[in-house]
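For the sequence shown, this note's numbering assigns the number 443 to the initial residue and increments by one for each residue that follows.
A virtual CB, placed ideally from N, CA and C, is assigned to each residue, including glycine.
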Amino acid sequence: MARWVIHLDLDAFYASAEQLTRPTLAGRPVLVGGTGPRGVVAGASYESRAFGIKSAMPMAQARRLLPANGVIVPPRFRVYERLSQEVFAVVTSVAPVLEKISLDEAFAEPPALAGASLDEVTSFCASLRSRIREETGLVASIGAGNGKQIAKIASDEAKPDGLLVVPQGTEREFLAPLPVRALWGIGPVAEGKLRFIGVQTLGQLAALSEQDAVATLGGVVGRDLRRLATGFDDRPVADRGETKQVSAETTFDTDIKDLASLRAEVRRIAVGAHKRLVKAERVARTVVIKLRHTDMHTVTRSETISAPTDDLAELSAVAERLLLDPAEFGGIRLAGVAYSGLSVPHQDALFSLSVPEAPASTVVTAAAPVAAPPPSEWRQGDDVVHEEFGTGWVQGAGHGRVTVRFEHRTSGPGAAKTFPQTDPALTRGDPGDCLR
């Protein structure tokens with residue numbers, strides 16, 4: 443029986459969630475991220491991508507590219523997590539086993555599609571996309587094929603707001619013209635090795651002998667990647683469960699015997715673990731280091747920090763603090779860094795959401811000195827509740843006043859009203875209020 447795996451990916455998820463729950467932003471360039479000096483773009487709407495803005499771009503650079511009608515808002519991970527749960531509830535109603543990759547991405551192998559025809563798969567996926575849009579308001583692109591690799595690439599090709607089903611038996615033809623980086627597992631290092639031997643497409647990789655693939659990329663990796671390039675993928679779809687810890691470690695070619703070298707290696711390892719933390723969309727509260735002595739004796743040390751974070755500089759600094767001096771401990775053959783105590787980042791650290799304070803100077807007139815209004819406690823994007831007008835979000839603040847747009851997921855574009863920033867009727871709201 444033909445096997446069908448689907449890959450679902452929510453389009454521009456963070457920005458789309460903001461446009462959905464704040465209807466005034468629909469159709470406008472929207473960036474999600476921090477506005478501080480170290481802020482980066484966590485999410486960009488398709489309207490903003492038309493101006494060359496991408497996720498992970500420094501916010502200072504993105505701000506220069508953003509048109510006048512563009513909006514920057516801080517991340518609201520509680521909203522994204524709730525919306526993700528709504529979407530995956532729809533998917534699990536037709537595919538009980540779901541392999542979640544992130545808040546906006548998952549694999550499934552629906553039982554109803556075992557042995558299904560191309561038309562039946564296409565109809566199933568189109569119906570699922572419609573249900574997701576109707577029940578959550580979000581747009582999902584879906585790819586389907588004989589395995590996870592084909593389904594993932596198909597959903598990438600289908601974006602935005604699309605559906606692509608790769609017919610059984612055409613996988614190798616579908617993959618052949620794509621660059622080798624399209625394949626999961628091929629990063630810049632592997633790409634460089636393949637380019638060195640003249641391999642730039644998946645078709646060329648599939649045409650390599652297994653011996654050449656192994657010689658270029660290594661034993662198991664070379665065999666597996668070459669096989670995936672031919673379109674064969676029998677990896678199961680399985681529930682990954684909740685991530686409890688992310689880590690990275692390195693066994694050194696020669697034992698490290700001085701603290702400076704160990705610090706440099708641990709900083710590099712901490713970066714590798716951090717990449718996995720960011721990919722898992724989690725923040726960590728505990729840093730663990732592992733050191734293995736020349737005689738194979740292993741020591742682990744940990745430190746729990748005051749608040750969960752995904753700030754690399756802070757996590758790396760804790761890891762370095764935990765190190766033992768090889769001059770006293772002895773030569774070190776392996777070092778590892780792990781981040782645990784993981785949680786969803788309800789309060790974001792990575793995107794540096796600090797807002798520059800307004801100047802505290804006074805304005806002097808001929809009559810008498812007049813104190814400037816205190817710095818605003820509100821920032822653009824904050825969720826608020828007004829005793830009379832209900833749920834809204836801060837559209838702008840300054841000069842002692844705050845402008846609030848009152849709207850939520852089902853309200854349609856709402857009215858904007860301006861209040862004194864100290865108005866007692868205006869209080870901070872729960873981000874989840876916009877999902878009612």
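Pairing F566 with I592 gives a Cβ-Cβ distance that is not under 9 Å. Residue pairing by DSSP places H841 opposite no residue, since no beta bridge is assigned to it. Secondary structure note for S526: it is in no beta strand (DSSP E), and the uninterrupted alpha helix (DSSP H) holding it is 519 to 534. The beta strand (DSSP E) runs lying completely inside the stretch 728 to 753 and spanning 3 residues or more are 740 to 751, given in chain order.
In terms of Cβ geometry, T728 and I747 form a close pair [threshold 9 Å]. Following the DSSP letters along the chain, one finds S651 in no beta strand (DSSP E), marked with neither H nor E. Contact between I639 and T658 holds, with the beta-carbon distance rounding to 6 Å and staying under 8 Å.
Annotated as proximal: I595 and L620, with beta-carbon spacing under 9 Å.
Boundaries of the alpha helix (DSSP H) harbouring D666: 661 to 671, taken from the DSSP string. Straight-line measurement puts the Cα of A558 at about 46 Å from the Cα of G778. Membership of R775 in any alpha helix (DSSP H) is not indicated; the residue belongs instead to the beta strand (DSSP E) covering 774 to 782. In this structure, DSSP gives A568 a helical state, which the three-state scheme calls helix.
Going by C-alpha positions, A867 is about 58 Å away from R445. Per DSSP, G585 is one residue of the beta strand (DSSP E) stretching across 582 to 587. In this model, E830 and R718 are separated by some 45 Å (Cα to Cα).
In the three-state scheme derived from DSSP, where H, G and I count as helix and E and B as strand, Q687 is classed as strand. Under the 10 Å beta carbon count, M501 is surrounded by 16 or more other beta carbons and is classified as buried.
Beta-bridge partners of D546 (DSSP): none assigned.
Distance between E770 and A726, taken at the CA atoms: about 30 Å. Cα atoms of D561 and D675: separation of roughly 22 Å, rounded to the nearest angstrom.
The residue from Q642, V539, R464 with its alpha-carbon nearest to that of G579 is R464. The residues V622, in chain order, have a CB closer than 6 Å to that of L636 in the same chain once the five nearest residues on each side in sequence are set aside. A Cβ-Cβ distance of about 5 Å is found for the pair F549 and V679, placing them in contact under the 8 Å criterion. Here I711 carries a helix assignment [DSSP, helix/strand/coil].
Ranked by Cα distance from R851, the first of P862, W835, Q863 is W835. Judged by DSSP secondary structure, A459 falls within the alpha helix (DSSP H) whose first and last residues are 455 to 463. Beta-bridge partners assigned by DSSP to I514: L473. By alpha-carbon distance to G485, the top candidate from G475, F493, T736, L507 is G475. The C-alpha of S487 is placed about 16 Å away from the C-alpha of Q503. In this chain, the beta strand (DSSP E) harbouring A486 covers 483 to 486. DSSP places L868 in the uninterrupted beta strand (DSSP E) bounded by 868 to 870. Between F519 and V741, the C-beta spacing is not below 9 Å. Taking a cut-off of 8 Å on C-beta distances, the stretch 521 to 541 touches the stretch 450 to 464, as three or more cross pairs fall below it. Separation of the CB atoms of A537 and E551 is rounded to 7 Å, and the pair is thereby assigned contact status at 8 Å. Boundaries of the beta strand (DSSP E) harbouring I448: 447 to 452, taken from the DSSP string.
Judged by DSSP in its simplified three-state form, P509 adopts coil rather than helix or strand.
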